[in-house]
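The structure appears below as structure tokens.
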Amino acid sequence: MIRGQDVIVHTWIAFLRAINLGATRKFPKAAIVAAVTAAGGTDVETYINTGNVRLDHELDDRAQVELTLEKAFEEAAGFPVPTICFTPAELRAVAEYAAGLAHPGRHYVSLLKNEPSAELVAAILARKVDGEAARVDGRGVHLLLGENYHQAKLTNATIERALGVATNRNLTVITTLARKWAP
Numbered sequence: 239m240i241r242g243q244d245v246i247v248h249t250w251i252a253f254l255r256a257i258n259l260g261a262t263r264k265f266p267k268a269a270i271v272a273a274v275t276a277a278g279g280t281d282v283e284t285y286i287n288t289g290n291v292r293l294d295h296e297l298d299d300r301a302q303v304e305l306t307l308e309k310a311f312e313e314a315a316g317f318p319v320p321t322i323c324f325t326p327a328e329l330r331a332v333a334e335y336a337a338g339l340a341h342p343g344r345h346y347v348s349l350l351k352n353e354p355s356a357e358l359v360a361a362i363l364a365r366k367v368d369g370e371a372a373r374v375d376g377r378g379v380h381l382l383l384g385e386n387y388h389q390a391k392l393t394n395a396t397i398e399r400a401l402g403v404a405t406n407r408n409l410t411v412i413t414t415l416a417r418k419w420a421p
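The working numbering applies: residue 239 is where the sequence shown begins, and numbers increase by one.
Here it is in structure tokens:
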């Protein structure tokens, strides 16, 4: 939270789901920044072209920020863009949890729109896939996979079917963003 000129702004890190995949759903970084700005966001930054955005906004309610951004993104892109927001502290916690998971293979994190119930978490943890495991911490689902991500059985689609809207980033992106935007 930043105070300035009697206005309190809150910092958000937004993760856009399913953009810039193949030839469809193109949403360039410049268009994302323009849409965030049009939606009232300030001090907007992006990181790589997979839909990672840091912004300040007067809204302090995560669901309201997500809805506001989703409306602006759909208007700008011409298709729905599910958006999942974290505070810097929440993203830092995801990265810190990941640091405690020693895993020799690929590590991806599915970021959830909503925190799952204990019952849903138990169901995902009970899934047995050779060489693959999920660890759930709040709205972060850590996918500990083998060396070949494209052959994985435990995917973001699996997580979405079980736990709701999610977007996936590799651990390198998560730790880079935490270092950059959530020190």
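Yeah, the Cβ is synthetic: ideal placement off N, Cα and C, and Gly gets one too.
Note that this is a predicted model, so its numbers are computed, not measured.
- In the structure shown, the three-state DSSP call for F317 is coil.
- By the Cβ test, the stretch 278-289 is not in contact with the stretch 338-353, since fewer than three Cβ pairs between them sit closer than 8 Å.
- With distances taken between CA atoms, L305 lies nearest to G279 out of E328, T414, G279, A327.
- Shown here, T280 sits in a strand according to DSSP, grouped into three states.
- For Y346, the enclosing beta strand (DSSP E) stretches over residues 345-350.
- Three or more beta-carbon pairs separated by less than 8 Å are not found between the stretch 311-318 and the stretch 328-341, which leaves the two stretches without contact.
- Following the DSSP letters along the chain, one finds L409 inside the alpha helix (DSSP H) bounded by residues 409-419.
- For T396, the enclosing alpha helix (DSSP H) stretches over residues 394-401.
- The shortest C-alpha to C-alpha distance from L297 to any of L383, A277, L381, G402 is the one to A277.
- At the C-beta level, R407 and L349 come within 8 Å of one another.
- Sorting D368, R263, I246 by C-alpha distance to the C-alpha of L254 places R263 at the top.
- Within a 10 Å sphere around the beta-carbon of P320 sit 16 or more other beta-carbons, which makes this residue buried.
- A straight line joining the alpha-carbon of T284 with that of A360 spans about 35 Å.
- Cβ neighbours of A372 within its own chain (closer than 8 Å, five residues either side excluded): I362, L363, R365, V379, H380, L381, L382, L392, I397.
- DSSP places V359 inside the alpha helix (DSSP H), whose first and last residues are 356-364.
- In the three-state reduction of the DSSP assignment, R373 falls in the strand class.
- In the same chain as I412, and ignoring 5 residues on each side of it, the C-beta atoms closer than 8 Å to its own belong to L329, V332, A333, A336, V347, in chain order.
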